[in-house]
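Participant: Sharing a structure with you now.
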Amino acid sequence: AEARRVLAVAASALQSAETWNGWQAATTFFVFYRVLFALSTFPFLVFELPGLPQLLSSTAPSGYNPEGDVLPQDTEGLSALVTWLEAQLRRERFRKQLAPRE
Numbered sequence: 001a002e003a004r005r006v007l008a009v010a011a012s013a014l015q016s017a018e019t020w021n022g023w024q025a026a027t028t029f030f031v032f033y034r035v036l037f038a039l040s041t042f043p044f045l046v047f048e049l050p051g052l053p054q055l056l057s058s059t060a061p062s063g064y065n066p067e068g069d070v071l072p073q074d075t076e077g078l079s080a081l082v083t084w085l086e087a088q089l090r091r092e093r094f095r096k097q098l099a100p101r102e
């Protein structure tokens, strides 16, 4: 009898709008889906182990330059950023802002 009463109270609490509209519910769903996503990526963890990506995929890491040519992977990681920054700074609006003032 006590268990039925507890279940009835729990069921009525779950049916109220206050239960699902609060910040606690939003946080719970956010954490639940983050954990679910993390668990779904588990099978791909083997690709993070050293040497296994080359063994499993038979390819070497590569990248493309702006012209579409395949290049070896940029281990520095800055060349694309530097190229983008140079292009941005050459634009007319930045030239005006960076020009020496008289």
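Okay, so the sequence shown: first residue is 1 according to the numbering used here, each after it adds one.
Note that beta-carbon positions come from the ideal geometry of N, C-alpha and C, so glycine has one too.
As the structure is a prediction and not an experimental result, all values here were calculated from the model.
1) What ranges does the alpha helix (DSSP H) occupy inside the region 33 to 64, keeping only unbroken runs of at least 4 residues that lie completely in it?
2) Over the uninterrupted beta strand (DSSP E) stretch that includes L71, give me the two end residues.
3) Which one of A87, Y64, R93 and Y33 has the shortest CA to CA distance from G77?
4) Since R95 is in the alpha helix (DSSP H), which residue starts that stretch and which ends it?
5) What is the DSSP secondary structure of L78, reduced to helix, strand or coil?
6) Could you have a look at S12 and say whether DSSP puts it in helix, strand or coil?
7) Apart from the five residues on each side of it in sequence, which residues of its chain come closer than 6 Å, Cβ to Cβ, to V46?
Facilitator: In brief:
1) 52 to 57
2) V70 to P72
3) Y64
4) E92 to L98
5) coil
6) helix
7) L52
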